[in-house]
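A short worksheet on the structure shown next.
Chains as they are written, first to last, in my numbering: chain A, 1 to 573; chain B, 574 to 721.
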């Protein structure tokens, strides 16, 4: 192995790092570490000038190892590996030290944070001495795609893939396609019919020969890896079927929240306090009426029910404000003389055409009143006989600062959207993580919003975060673009960070075979040693840790590298 | 309260706890600077020899943390880590190390606050226990020499 010539780059990340870490002092101090040839600090290492700096140094100073001390490798490791490739250096001769998420953003003492940064960078430098050039492996892509969930997102993805001539297996838990969208009457902001839009799409799904539709079917297990996944399903009234596919789209959507825990709104207590989902069904049936069949004279729509609420869902459900405006419009058309109230916390009508709908609605004799979502929610009580209405909503109107009593015969609660009951199971089966709100975590929130940390698995639509129909469709098609891209290439590159066996040390105990979750290890009876299939190996390293004679090691996380990192981390402190 | 600043190493998996620690960062949750993370693909990869090496090189405490049971990116690596941990704990006393200086936890990618909480509480526990040099002195003559 050639002697390491290391370049170290300490990033300021504007002020994100530089404010809490003395980046210049870090870059200065590490200059004296053996094999460090270049040590620099710069405002934004990920910017083009930052990356060009690395490329120039690799060429001019003949660097063969690069350490970037910046943000989390989960964000920019891939960026800098590409930078190395541009400079014709193997991308695995690279290491990041995370001095932003794990240091400058979480500490308050500049001296301590700087000390920690030095330790982390020193550890990365010490470890990179033992990095080796790795080759990436190429796997074949099965051109079929599995889609889990037949709502608007899943349907959009399926049609797009099928129209491109590729096979789709659509798995839907319920007995029909359309998901949540199928229960909607009109879409916002242009109040056009959902059924006219969705009906033909579902027809196309049924007729398209490239789409195999499995209704009332659930996925229990998926095996394999990008390009080569497999599952066995048991469709209703049918035999077990084995499916093979190269990519997976998860589009299971969300469900509406049951607002009973918010007792101030009296859901379940007052018959005419209904959820937005129940009201939507009323609209779809064409009959808006109270439980006793009469016409409501006073109708109130309450926003943010269980959304943006620390006790239930901290996030904004995103579509409810504009849906509530749509309801006001539909109610005004149905009842020209009714009193309509919108009780909102903050009006969020951010998508195209939605602010215009807000303006239109405000001109239709709709009363808008604001409440304090954090400290002072409205409450509903039964009205007295001479009140001339069913219920009274008590409200401290935020803008006027006045206590108001709003008469109501019908109250529509704009309920939060939340993860479906099956979300944890689907997350486990597909190997995708959920965040604290039971929403799927994307690979990168900005730069890779439909991919996940599991190669070949994409998550689209509301299950990734509450979304409108156009946003769901856009995401679905974005995932399809990625999938068709891998299908067109026919192969995918997988990381070369796999396990390998030194057959001279292998004792043939076969313990590694029993723990491998991917069946990537087999036994060579003739030589009496274990053999690793590097395509199947996903690089978890479980076999490495248990190998008694230390015959197994793993590229990119070798015993030597990790020990070097560990000892430097402790000794530099 | 003692002002001793313990040296603590955390061996974590990249998918759950490392991501959880990243989330603590993006959420700007503040915590003690004593814990330094070493990133592994999976807790299943963590050879507990690394823990012994940590103490041999002067660590006052060690954290092992990964995905919650059933949430392992690699299906079952965390179960192997947990099983190995049970065996290892039994061995720790025999090796002459203090079992109170070890912490095993599950922290998911969504649990940034939980990560900060574990760092703070374990740092305080180790601070109360004081510096730990017994094992290091047992295995090496010069404290600046690294034990591989």
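No residue lacks a Cβ here, since even glycine has one placed at the ideal position from N, Cα and C.
Contact note: residue 227 of chain A does not reach chain B at a C-beta cutoff of 9 Å; the least C-beta distance is about 18 Å. Contact with chain A is absent for residue 575 of chain B, since none of that chain's Cβ atoms lies less than 8 Å from the residue's Cβ. By the beta-carbon neighbour count (other beta carbons within 10 angstroms, threshold 16), residue 359 of chain A is exposed.
Membership of residue 341 of chain A in the beta strand (DSSP E) is indicated by the continuous run 339-344. Residue nearest to residue 431 of chain A within the set A/29, A/454, A/23, A/115 is A/454 (criterion: CA-CA distance).
Contact between residue 146 of chain A and residue 245 of chain A holds: their C-beta atoms lie close to 4 Å from each other, under 8 Å. Interface annotation, residue 120 of chain A: in contact with chain B, CB-CB separation under 8 Å. A distance below 8 Å separates the beta carbons of residue 256 of chain A and residue 275 of chain A. Separation of residue 600 of chain B and residue 649 of chain B (C-alpha to C-alpha, rounded to the nearest whole angstrom) is 29 Å. Residue 23 of chain A does not reach chain B, its nearest Cβ partner there being about 16 Å away, counting only Cβ pairs nearer than 8 Å.
Of all residues in the stretch 78-112 of chain A, the ones placed with a Cβ closer than 8 Å to any Cβ belonging to chain B are 98, 100, 101, 102, 103, 105, 106, 107, 108, 109, 112, in chain order. Here the stretch 545-553 of chain A makes no contact with the stretch 582-589 of chain B; the two share fewer than three CB pairs at distances below 8 Å. Residues of chain B whose Cβ lies closer than 9 Å to the Cβ of residue 546 of chain A are, in chain order, 617, 620, 653, 657. What residue 354 of chain A touches in chain B, judged by beta-carbon distance under 9 Å, is nothing: the nearest beta carbon there is about 28 Å away.
Inter-residue distance for residue 90 of chain A and residue 483 of chain A is about 27 Å (C-alpha atoms, whole angstroms). At a Cβ-Cβ threshold of 8 Å, residue 281 of chain A and residue 183 of chain A count as neighbours. Excluding residues up to 5 positions away in sequence, 264, 371 lie with their Cβ nearer than 7 Å to the Cβ of residue 377 of chain A in the same chain. Taking one beta carbon from each stretch, the stretch 658-670 of chain B and the stretch 451-465 of chain A have fewer than 3 pairs nearer than 8 Å; the two do not touch.
For residue 303 of chain A, the enclosing beta strand (DSSP E) begins and ends at 298-305. With contacts defined by Cβ atoms closer than 8 Å, residue 463 of chain A and residue 250 of chain A form a contacting pair. For the pair residue 51 of chain A and residue 58 of chain A, the Cα-to-Cα distance works out to about 11 Å. Counting of Cβ neighbours within 10 angstroms places residue 403 of chain A among the exposed residues, the total staying below 16. Using a Cβ-Cβ distance cut-off of 8 Å, the stretch 561-568 of chain A and the stretch 58-74 of chain A are not in contact, since fewer than three pairs of beta carbons, one from each stretch, lie closer than that value. For residue 80 of chain A, the uninterrupted alpha helix (DSSP H) segment begins and ends at 73-86. Taking 8 Å as the CB threshold, residue 681 of chain B lines the interface with chain A. Residue pairing by DSSP places residue 381 of chain A opposite A/392 in a beta bridge. Cα atoms of residue 533 of chain A and residue 43 of chain A: separation of roughly 43 Å, rounded to the nearest angstrom.
Residue burial annotation: residue 577 of chain B is exposed, with fewer than 16 other C-beta atoms found within 10 angstroms of its C-beta. For residue 661 of chain B, the enclosing alpha helix (DSSP H) starts and ends at 650-667.
Under the Cβ criterion of 8 Å, residue 638 of chain B is not counted among the residues facing chain A.
Contact check between the stretch 646-663 of chain B and the stretch 612-628 of chain B: three or more CB pairs, one atom from each, fall below 8 Å, which counts as touching. Around the Cβ of residue 475 of chain A, a 10 Å sphere holds 16 or more other Cβ atoms; the residue is buried. Below 8 Å, enough C-beta pairs join the stretch 678-693 of chain B and the stretch 633-643 of chain B to call them touching: three or more.
Its Cα nearest to that of residue 96 of chain A, the residue A/120 stands out among A/500, A/197, A/120, A/266. If you check the CB distance, residue 461 of chain A and residue 439 of chain A do not come in under 8 Å. One alpha carbon belongs to residue 417 of chain A, the other to residue 341 of chain A, and they sit about 22 Å apart.
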